[in-house]
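Working notes, beginning with the structure itself.
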Amino acid sequence: MLAHHEPLAPKLGLFVADFDDTLTRSDSTPLLPLIAATCRPSQKQHITLAWEALTDAFVTGYYGAIREHLSQPKEGARLEDLETFLVALEAVETSSIERVTESKVLAGMTPAAIAQTLEGPLQGMWGPRDAHVARCLARVLSATSCAHHIISINFSEIVVRTVLRGLLGAAAEDGGSAHAAAAADALTVHCNTLALGADGATTGEVTMDVVGGRGKLRRFRALRAESAGGGGATMYIGDSVTDLLPMLSADIGIVLGNSGTFKEVAAAFGIDIVPLGRVLDGAAPVQIAPAGDDGVGSGTSPLGRTVYHAESWLEIEHLLFGKVEYD
């Protein structure tokens, strides 16, 4: 148990965050067909229409699976039941990625073109989740000695790293760590991959390295095992249903935003969501599970674990480093 007045950063052994909608203000995946259209201008209309069809199919399947499973009674729900639910969502996600690959809609992009388009014509289409995320992440990278990782279902590490460099570069300009942008390259990124052909351009195939909540959980568990020798608390920060399992596996799982779907799923499986503000105000302690015991996937442990809800990255910064007032 950690009292509210104790900054968590010195006790941190592993810091992991999701990327899209957690560090960024929106999902960056829709930027990929825009980049593809820039690289293949004669096929712009085809790429646009194909991506719209792919998106519609995914949304219909994904939210249909959620509605179907949440309509079933969940009395006495266990972690095994949550995993079963996420298996159904993973099947939808896998099929969606397979359709993207088959369509070849993301073919013809070189790594340099992806980065240059994000830093140029599309720069205004992405940005930080809030005004505090870049500063908080810069402080985490410069002021903690633990391992730092990103686990994402994004299709491209180049997208993730380009955006991270932009976010942390802005933090450095605003008085954050002078080495923040360089530190972004030291972050280990775990995500899916756009396969490259012999010509150095994307083939359109998406290599599925991290798919769904169970894919994120597997990566997080491996990282937790690697960091176990150094001790310290583990933290996972995300925003969506696919982040639930690693949140529950971490000592401290934090959800950002106000996703109605996340709240609905958490309620259905008996997962408590505690406002992080209550911890910061001293009304609730941070409960840290016994080392090496996450209970996730045991199939026997009743649900009822806690995740903490942060209104913004400022609350996470206060949890890690203590309260600081900014203009």
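Under the numbering used here, the first residue of the sequence shown carries the number 441, and numbering increases by one thereafter.
Glycine included, each C-beta is placed from N, C-alpha and C at the ideal position.
Bear in mind the structure is a predicted one, so any value in this text is a computation, not a measurement.
query                                                                                                                                : result
MET675 - containing beta strand (DSSP E), residue span                                                                               : 673–678
Cβ-Cβ separation, LEU529 to GLY652 (assumed contact under 8 angstroms), whole Å                                                      : 6 angstroms
Selection from GLU597, VAL545 and GLU538 that minimises the alpha carbon distance to LEU558                                          : GLU597
Residues bridged to HIS589 [DSSP beta-bridge criterion]                                                                              : VAL456 and THR628
Reference GLY710, options ALA690, VAL747 and SER699, closest by Cα                                                                   : VAL747
Same chain, Cβ closer than 6 angstroms to GLY671, neighbours up to 5 away in sequence not counted                                    : GLY453
Within 8 angstroms, strictly: CB atoms of VAL527 and ARG654                                                                          : yes
Same chain only: Cβ atoms within 8 angstroms of ALA815, ignoring 5 sequence neighbours per side                                      : In the structure as shown, the chain starts at 441 and stops at 767, and residue 815 therefore has no counterpart that could be examined.
Alpha carbon of TRP566 to alpha carbon of ASP460, nearest angstrom                                                                   : 10 angstroms
Simplified DSSP assignment, three categories, for GLY652                                                                             : helix
Nearest-angstrom Cα separation, counted from GLN512 out to PRO561                                                                    : 46 angstroms
Straight-line Cα distance separating SER482 from LEU663                                                                              : 44 angstroms
Proximity winner among LEU607, GLU538, PRO551 and THR541, relative to THR464 (alpha-carbon distances)                                : LEU607
Anticipated Cβ contact below 8 angstroms, ALA708 with LEU510, distance rounded                                                       : 5 angstroms
Best match in TYR502, THR500, GLY501 and PRO470 for proximity to THR488 [C-alpha to C-alpha]                                         : PRO470
DSSP state of VAL545 mapped onto helix, strand, coil                                                                                 : coil
Where ASP496 falls: helix, strand or coil (DSSP)                                                                                     : helix
Boundaries (first-last residue) of the alpha helix (DSSP H) holding GLY693                                                           : Per DSSP, GLY693 belongs to no alpha helix (DSSP H); it is in the beta strand (DSSP E), 692–696.
Proximity winner among HIS758, VAL764, LEU685 and LEU754, relative to PHE525 (alpha-carbon distances)                                : LEU685
Chain-order list of residues whose beta-carbon lies under 6 angstroms from that of GLY501 (same chain, five-residue window excluded) : VAL532
For GLU446, three-class secondary structure by DSSP                                                                                  : coil
8 angstroms contact criterion, which THR674 and ASP691 should meet: CB distance rounded                                              : 5 angstroms
Integer-rounded CB distance, given that CYS479 should sit under 8 angstroms from ALA555                                              : No, ALA555 and CYS479 are not in contact; Cβ-Cβ is about 12 angstroms, not under 8 angstroms.
Limits of the unbroken alpha helix (DSSP H) element including VAL573                                                                 : 573–583
Extent of the continuous beta strand (DSSP E) to which GLU755 belongs                                                                : Segment 753–761 is the alpha helix (DSSP H) holding GLU755; no beta strand (DSSP E) there.
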